[in-house]
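Undergrad:
Residue numbers (my numbering): 90 to 313.
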């Protein structure tokens, strides 16, 4: 990537470098106001600018824009064989943050797809494995939705029994008051137990499935 040999274009990179990278909104404003000029920088300079800008987007929660910028970064890395930046594996770093952005956007399938690619590249990537588990547990399978629906019904039934107790049982059928309380308590506890059991079961199944697949990948690569 070439740039014109004019003082303005040379100075714009210096101006950008003078910005505090942690002043995220300032970085974003500067990049978006000077996109045309910044794209004329040399490849290494433009990559550095794009990395700083993308990080600012991520840190400020602009996840949708970040995914688009990350896609451009990944293309640059692949096309120009840019492997490392500040002693980090640039490709893995950008891919992971792209997956995290999809996760925050609740685009869980996209996040999982990227994370599995990271795990295949490096099965010992514990951060990618952690986010994979979070993605899988955030998805709600049919049995979990059914369990939550039944729990809501049980809680509503509990509220209905309380109303019957107050309006009918206590004023007119006091001798059945203890029975009504016992039934109400059993229904309420059953709802809580069902919800907890379904959530824990879902998490255990998700964790086991992820761990089993990662172990299989490690086994293929002879990684302990």
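Beta carbons are placed, not taken as given, at the ideal position from N, Cα and C, and that holds for glycine.
Find the nearest neighbour of residue 208 within the set 194, 192, 195, 188, judged by alpha-carbon distance.
TA: Nearest C-alpha to residue 208: 188.
Undergrad: May I have the straight-line CA-CA distance separating residue 92 from residue 292, to the nearest angstrom?
TA: Low confidence applies here, because residue 92 scores a pLDDT of 44, under 50, leaving its location unreliable; read the following figure in that light. The alpha-carbon atoms of residue 92 and residue 292 are separated by roughly 53 Å.
Undergrad: Given that a residue counts as buried once 16 or more other Cβ atoms are within 10 Å of its Cβ, and exposed if not, what is residue 101?
TA: The residue in question, residue 101, is buried, as its Cβ has 16 or more Cβ neighbours within 10 Å.
Undergrad: By a C-beta neighbour count over all protein chains shown, 10 Å radius and 16 as the cutoff for buried, is residue 158 buried or exposed?
TA: The residue in question, residue 158, is buried, as its Cβ has 16 or more Cβ neighbours within 10 Å.
Undergrad: Any idea if residue 90 is buried or exposed, counting beta-carbon neighbours within 10 angstroms, 16 or more meaning buried?
TA: Bear in mind that a pLDDT of 44 at residue 90, under 50, signals an unreliable position, so the number given afterwards is only what the model happens to contain. It is exposed - the Cβ of residue 90 has fewer than 16 other Cβ atoms within 10 Å.
Undergrad: Comparing alpha-carbon positions, which option in 104, 155, 123 lies nearest residue 194?
TA: Per the Cα distances, 155.
Undergrad: By the 10 Å Cβ neighbour count, where 16 or more other Cβ atoms means buried, how is residue 150 classified, buried or exposed?
TA: Residue 150 is exposed by the Cβ-count criterion.
Undergrad: Taking Cβ positions, are residue 165 and residue 136 nearer each other than 8 Å?
TA: Their beta carbons are under 8 Å apart, which means residue 165 touches residue 136 by this criterion.
Undergrad: What is the DSSP secondary structure of residue 135, counted as helix, strand or coil?
TA: Residue 135 falls in the helix class under three-state DSSP.
Undergrad: In its own chain, which residues sit with a C-beta less than 8 Å from the C-beta of residue 138, not counting the 5 before and 5 after it?
TA: Result list for residue 138: 102, 105, 120, 127, 130, in chain order.
Undergrad: Buried or exposed: residue 144, going by 16 or more other Cβ atoms within 10 Å of its Cβ?
TA: Buried, by the Cβ-count rule.
Undergrad: Ordered along the chain, which non-local residues of its own chain (more than five positions away) have a Cβ less than 7 Å from that of residue 176?
TA: The pLDDT assigned to residue 176 is 41, lower than 50, so where the model puts this residue is not dependable; a value taken from the coordinates is nonetheless given after this. Nothing listed; no residue qualifies.
Undergrad: Nearest CA to the CA of residue 239: which residue from 276, 272, 253?
TA: Of the listed residues, the one whose Cα sits closest to residue 239 is 276.
Undergrad: Compute the Euclidean distance between the alpha carbons of residue 199 and residue 181, then round it to the nearest angstrom.
TA: Near 16 Å, if we compare the C-alpha coordinates of residue 181 and residue 199.
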